[in-house]
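Enquirer: full-length UniProt numbering numbers the first residue of the sequence shown as 1 and each following residue consecutively.
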Amino acid sequence: MLLVRVRENSFFTFLPSPKSPTTPNSSSYWVNRTFWSFTETSQKSMLTLHAVDAYPASTRYSLDVIDYSFAEMEGRGGRGRGRGRGDGGGGGSGWRGRGRGRGWGQPTQPWRPSNPVQQPSSNPVGQPVQRWVPNPVQQPQPPTIAPATAAPVGQPVQLWVPNPVQQPQRPTFVPATAATVELPTSSHHDKEAGDKRIPMRRPDKGGTNAVRSVSLRVNHFPVKFKSNRLIMHYDVDIKPEAPPKGRAVKISKATLYMIREKLCVDHPSQFPTSKIAYDGEKNIFSAVELPTGKFKVEISGGEEMKVCSFIVTINLVKQLELQKLSDYLSGVLSFVPRDILQGMDVVMKENPARHMISSGRSFYQFKDSGKDELGYGIIASRGFQHSLKPTAQGLSLCLDYSVVPFFNPISVLEFLKEHVRGFSLREFKRYRSKVEATLKGLKVRVTHRNTGQKFIIAGLTSQDTQNLSFLAEDPERKVLSKKVMLVDYFYEKYGKDIVHKDIPCLDVGKNNRNNYVPMEFCTLVEGQRYTKEILDKDAAQGLKREQLPTPVVRESKICAMVQANDGPCGGGIIDSFGIDVNKNMTALAGRVIGPPELKLGDPSEGKVNKLTVDKDKCQWNLVGKLVVKGIPVDHWAVVDFTAYEQYNRLNTGQFISGFIRRCGKLGIQMRNPLFCETANMYAFREFPVLQELLDKVYKKARCQLQILVCVMARRDAGYGYLKWFSETRLGMVTQCCLSSPANKASDQYLANLALKLNAKLGGSNVELIERLPRFEGEGHVMFIGADVNHPGSQNTTSPSIAAVVATVNWPAANRYAARIRPQAHRMEKIQNFGAMCLELVEAYVQANKVKPEKIVVFRDGVSEGQFDMVLNEELLDLKRAIQGGNYCPTITLIVARKRHLTRLFPKVNDRSFNGNVPPGTVVDTTVVHLSEFDFYLCSHYGTLGTSKPTHYHVLHDEHRFSSDQIQKLIYNLCFTFARCTKPVSLVPPVYYADLAAYRGRLYYDAIVAEVGASAATSSSVASPSSSSAGAWLNDRLYRLHGALENMMFFI
1 MLLVRVRENS
11 FFTFLPSPKS
21 PTTPNSSSYW
31 VNRTFWSFTE
41 TSQKSMLTLH
51 AVDAYPASTR
61 YSLDVIDYSF
71 AEMEGRGGRG
81 RGRGRGDGGG
91 GGSGWRGRGR
101 GRGWGQPTQP
111 WRPSNPVQQP
121 SSNPVGQPVQ
131 RWVPNPVQQP
141 QPPTIAPATA
151 APVGQPVQLW
161 VPNPVQQPQR
171 PTFVPATAAT
181 VELPTSSHHD
191 KEAGDKRIPM
201 RRPDKGGTNA
211 VRSVSLRVNH
221 FPVKFKSNRL
231 IMHYDVDIKP
241 EAPPKGRAVK
251 ISKATLYMIR
261 EKLCVDHPSQ
271 FPTSKIAYDG
281 EKNIFSAVEL
291 PTGKFKVEIS
301 GGEEMKVCSF
311 IVTINLVKQL
321 ELQKLSDYLS
331 GVLSFVPRDI
341 LQGMDVVMKE
351 NPARHMISSG
361 RSFYQFKDSG
371 KDELGYGIIA
381 SRGFQHSLKP
391 TAQGLSLCLD
401 YSVVPFFNPI
411 SVLEFLKEHV
421 RGFSLREFKR
431 YRSKVEATLK
441 GLKVRVTHRN
451 TGQKFIIAGL
461 TSQDTQNLSF
471 LAEDPERKVL
481 SKKVMLVDYF
491 YEKYGKDIVH
501 KDIPCLDVGK
511 NNRNNYVPME
521 FCTLVEGQRY
531 TKEILDKDAA
541 QGLKREQLPT
551 PVVRESKICA
561 MVQANDGPCG
571 GGIIDSFGID
581 VNKNMTALAG
591 RVIGPPELKL
601 GDPSEGKVNK
611 LTVDKDKCQW
621 NLVGKLVVKG
631 IPVDHWAVVD
641 FTAYEQYNRL
651 NTGQFISGFI
661 RRCGKLGIQM
671 RNPLFCETAN
681 MYAFREFPVL
691 QELLDKVYKK
701 ARCQLQILVC
711 VMARRDAGYG
721 YLKWFSETRL
731 GMVTQCCLSS
741 PANKASDQYL
751 ANLALKLNAK
761 LGGSNVELIE
771 RLPRFEGEGH
781 VMFIGADVNH
791 PGSQNTTSPS
801 IAAVVATVNW
811 PAANRYAARI
821 RPQAHRMEKI
831 QNFGAMCLEL
841 VEAYVQANKV
851 KPEKIVVFRD
861 GVSEGQFDMV
871 LNEELLDLKR
881 AIQGGNYCPT
891 ITLIVARKRH
901 LTRLFPKVND
911 RSFNGNVPPG
921 TVVDTTVVHL
931 SEFDFYLCSH
941 YGTLGTSKPT
951 HYHVLHDEHR
961 FSSDQIQKLI
971 YNLCFTFARC
981 TKPVSLVPPV
991 YYADLAAYRG
1001 RLYYDAIVAE
1011 VGASAATSSS
1021 VASPSSSSAG
1031 AWLNDRLYRL
1041 HGALENMMFF
1051 I
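And the structure:
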């Protein structure tokens, strides 16, 4: 047995390996299923990782050795099955046991280091040894070893090579008791054997395939920090000195910040403001040591500037050593020190938190220069969102420009005049319901006293202000006995004469206690988000212009925010922590992948037509071309919901004839509809009426409709009910469209409508000529996409909707089937992932009479913190569900993420017409992960604003893709999206999964209407295990009709 020390008090214990031949002055050992070779040279001793199992043949890692020693093995046998005899049946107590279990052999002698290894002369004694650190992009799995410290100069000793006869059949790694050393593991390891999967390493140095290169600037700003510094992490607990009776009241975030500020003011030497960062909740990070214990803080607020006392308890959590982050960035540590990143992230957010309004993870300006009026009492505020990212170039600050709508912080009466159409104080009663619905839940600040206290509007008073009264406390008898008119009270107490006495007051009370304040003494509090989906059309257009600046404008705004005094680098706070940010964007070279050749039909010859896409936009034109496979449409019908509308009424004859003619030009043969049913848009408001209409249409067509085209005068929430009832109850495919574009009947609009119709019925619009990279053989391949749709942030009970889609044809791989399931509120893990995938594999077998031999899974919507869940729960669920007998397909798992902050800005000579990067741009160096297999791909042509690349992260790969192969495969797939004639920004399996999950959300809305809101919003629905869980958790309500299970109804 060989014991090796690589840093002070940290050892490796190695058992000899009989499998690998020795070389002069070296011997091989097993550790965690990998071969390590111990080599003695005249200068130093080294450990070298050799190729084995999933490691590429070129893999080598070398670690300097401080000193080492040998000891004979004597310990109890391993656990498990074995042929040797001994404790546990896993082998004898000595070295010769032949068991296959896990042993914990201990050396018969204590650690006796041999003569220390001589270190290079360039390293003085006591200084860290300068060692070679593998490039994380090149190496698939760097070991987790802490930096070695230099040993005294000495002479190497002769290495004793053990007799192979005495070596065990399968030795195991025995961790030394002095310290725990984490060695690399592989995502390919068998989970059943107890190994935990981790994201796989990059298999190469990055891709090389390109038709040209592009010079880019990326919104990653390099961050330097002093690795010898400490950040002190403290837990802070704030409670009222005299807690209120009954239920504890949560202290607002604004009050918590006030308490923190007052603490620093009261004790400036102990709590220096410039050296403290607070996350607004429970954590303080400091550049200096802070006193711990309890501190009393008094702040003024409320009626009569009442003083409130709080007890602040501060306890040290830990000291964060920035050296660990430096070790991770240099490849010495394999795990991310997330606690350090969290602390540094709070430090970077401290300055903007003091000067800007925070909303979610973003910060916004409310100065006149940082906002734009959208009208109707709504403003667009400019700001940014940022985060710290460990990348291949080191630590980076990633910052992106952001614009969101807010309520304008103006007086309540002024806001009502702008926001409520036609509002007039003289006719207040006419607008009362609209006013109350608009104001309820908004925060207001009172202006009749100096406190500036904030309240939440609970509603309006039932009486006008001039008639309101309340019981006031009699100062002498201390009882509620004196009736006081509200108008008199405000005049006597505050010297305020109420002007608008003939309108109601705002009720800002809580806990069943009324608190009336006249509207004229209230202003809206800044920082209240407005839902952009309900913006007026003009306001929405104004917001869109602000949110989608050109790449040149966006780049300049990002740089300005990084340099701003109120930005993350201003205020001198980060300087106190030894952090420095380079104000220039990262420059790097990207690659442009060439587009694939496509296959369309040829109308002149009736055969496949080879298509080359546009060079710059990578788009193609359907003029004079056919789809690859058009489905004849013999049985279809139209429901005209505009027949009784005053405006936007459908020109039925023109639309039907134009649609049939355009379908024919595309090779989709379409007969005249069986009938055209007229209906009223009112049916979307009365679901029983809509259900009766759909039933009538279905029976009228003798249950043989291929598709029902529904023309609507405008968008309506009842659309979801139409889809749910048609697709889960009747088994009828529907295609909805609006009458306004249908009446214009442009060639492009009708062609897009035809593409959707053909795909829904099982046709093929476009295909790739060549097979996808890495899959040129005969075996069948299936692509799976998975996503979860969550309810809005204000919704606390609605379910999350999981959707899984998969291809059912090969090699075209452009037809998909979908499965939709509800699950617990805001749960990201797909609870029935394995079962849903098994159904889709069975659908593939039904269509092809053979099982897919290879499976590629694309997962959407998960953050880096959820990779472990995807790898060790969802992937395992998939394997357990589909593998069995002789069926064991190989699987690759890839996460696709659009919710990230990275943006690519091409230099002048490499820009497309609108300033964006060209389609096919790939970045897989510098700003990607240190060692894991990820890359950014911008596969689409951006027409509005700045293109956002998709971030792909390969977590698990049993197909051994190279960087070039997986990038080309994904890019080629982006050309197969069924309903457009250009590559899309997101790989189609994920795009379709997102559409299917949204369809499930529409189903839920319909189920609420069908079953009743009480069942769907009961308090018990938060737990799926509850026996009284709402009707939303009933899978049967979401299950597709059998006729639609394997069709693309969702596009």
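For glycine and all other residues, C-beta sits at the position ideal for the given N, C-alpha and C.
Excluding sequence positions up to five away, which residues of its chain have a Cβ less than 6 Å from the Cβ of residue 918?
Expert: 592, 912
Enquirer: Pull the bridge partners of residue 609 from the DSSP assignment, please.
Expert: According to DSSP, which records beta bridges pairwise, residue 609 is partnered with 600.
Enquirer: If you pair each beta-carbon of the stretch 631-651 with each one of the stretch 665-676, do three or more pairs fall below 8 Å?
Expert: yes
Enquirer: How is residue 593 classed by DSSP in three states: helix, strand or coil?
Expert: coil
Enquirer: Report yes if the C-beta distance between residue 503 and residue 425 is below 9 Å; otherwise report no.
Expert: Yes. Within cutoff.
Enquirer: When the distance is taken between beta carbons, is residue 882 closer than 9 Å to residue 841?
Expert: yes
Enquirer: State the Cα-Cα distance for the pair residue 980 and residue 625, rounded to the nearest angstrom.
Expert: Between the alpha carbons of residue 980 and residue 625 lies a gap of roughly 14 Å.
Enquirer: Straight-line CA distance for residue 728 to residue 742?
Expert: 27 Å
Enquirer: Kindly list the residues whose CB is nearer than 8 Å to the CB of residue 760, restricted to its own chain and excluding five residues on each side of it in sequence; keep chain order.
Expert: 707, 733, 735, 1047, 1048, 1049, 1051
Enquirer: To the nearest angstrom, report how far apart residue 857 and residue 948 are at their CA atoms.
Expert: 22 Å
Enquirer: Looking at C-beta atoms only, is the number of pairs between the stretch 494-503 and the stretch 380-395 that lie closer than 8 Å three or more?
Expert: Contact fails: fewer than three Cβ-Cβ distances are below 8 Å.
Enquirer: Mapping the DSSP letters down to three states, classify residue 810 as helix, strand or coil.
Expert: Residue 810 falls in the coil class under three-state DSSP.
Enquirer: Identify whether residue 170 lies in helix, strand or coil by the three-state DSSP scheme.
Expert: Unreliable positioning characterises residue 170 in this predicted model, as indicated by a pLDDT of 37, which lies under 50. The coordinate reading is nonetheless provided below. Three-state DSSP puts residue 170 in coil, outside helix and strand.
Enquirer: According to DSSP, simplified to helix, strand and coil, what is residue 1046?
Expert: coil
Enquirer: Measure the Cβ-Cβ separation of residue 789 and residue 542 and say whether it is below 9 Å.
Expert: no
Enquirer: Let's see if you can read the secondary structure: which residues bound the beta strand (DSSP E) around residue 355?
Expert: Per DSSP, residue 355 belongs to no beta strand (DSSP E); it is in the alpha helix (DSSP H), 338-355.
Enquirer: How many Å lie between residue 220 and residue 354 at the Cα?
Expert: 23 Å
Enquirer: Out of 204, 910, 843, point me to the one whose CA is closest to residue 932's CA.
Expert: Ranked by Cα distance from residue 932, the first of 204, 910, 843 is 204.
Enquirer: What did DSSP end up calling residue 974 once you bin it into helix, strand or coil?
Expert: helix
Enquirer: Is the separation between the beta-carbon of residue 945 and that of residue 550 shorter than 9 Å?
Expert: yes
Enquirer: At 4 residues or longer, and completely inside the stretch 253-320: list those alpha helix (DSSP H) runs for me, N to C.
Expert: 253-266
Enquirer: Classify residue 488 as buried or exposed, calling it buried when 16 or more other Cβ atoms lie within 10 Å of its own Cβ.
Expert: exposed
Enquirer: Please say whether residue 872 and residue 197 have beta carbons closer to each other than 9 Å?
Expert: yes
Enquirer: At 3 residues or longer, and completely inside the UniProt domain "PAZ" (411-526): list those beta strand (DSSP E) runs for me, N to C.
Expert: 443-446, 454-456, 459-464, 469-473, 480-485, 504-507, 522-524
Enquirer: In chain order, what residues of the same chain lie with their CB nearer than 7 Å to the CB of residue 1025, ignoring the 5 residues before and after it?
Expert: In this predicted model, residue 1025 has a pLDDT of only 38, less than 50, meaning its place in the structure is not dependable enough to derive any value.
Enquirer: Could you give the distance in angstroms between the alpha-carbon of residue 1043 and the alpha-carbon of residue 632?
Expert: 18 Å
Enquirer: How many Å lie between residue 368 and residue 576 at the Cα?
Expert: 31 Å
Enquirer: Just verifying my parser: in three-state terms, what is the DSSP assignment at residue 636?
Expert: strand
Enquirer: Please state the DSSP three-state secondary structure of residue 966.
Expert: helix
Enquirer: So residue 371 is in the beta strand (DSSP E); what residue range does that whole segment cover?
Expert: 371-375
Enquirer: Tell me the rounded alpha-carbon separation between residue 483 and residue 547.
Expert: 54 Å
Enquirer: Look at the alpha carbon of residue 228 and the alpha carbon of residue 321, and state the distance between them as a whole number of angstroms.
Expert: 7 Å
Enquirer: Please state whether DSSP places residue 147 in a helix, a strand or coil.
Expert: Any reading at residue 147 is ruled out, since the residue's pLDDT is 42, under 50, leaving its predicted position unreliable.
Enquirer: Could you check if residue 770 is buried or exposed, using at least 16 other CB atoms within 10 Å of its CB as the buried criterion?
Expert: exposed
Enquirer: On the DSSP bridge list, what partners appear for residue 857?
Expert: 784, 893
Enquirer: Return helix, strand or coil for residue 629, following the three-state DSSP convention.
Expert: strand
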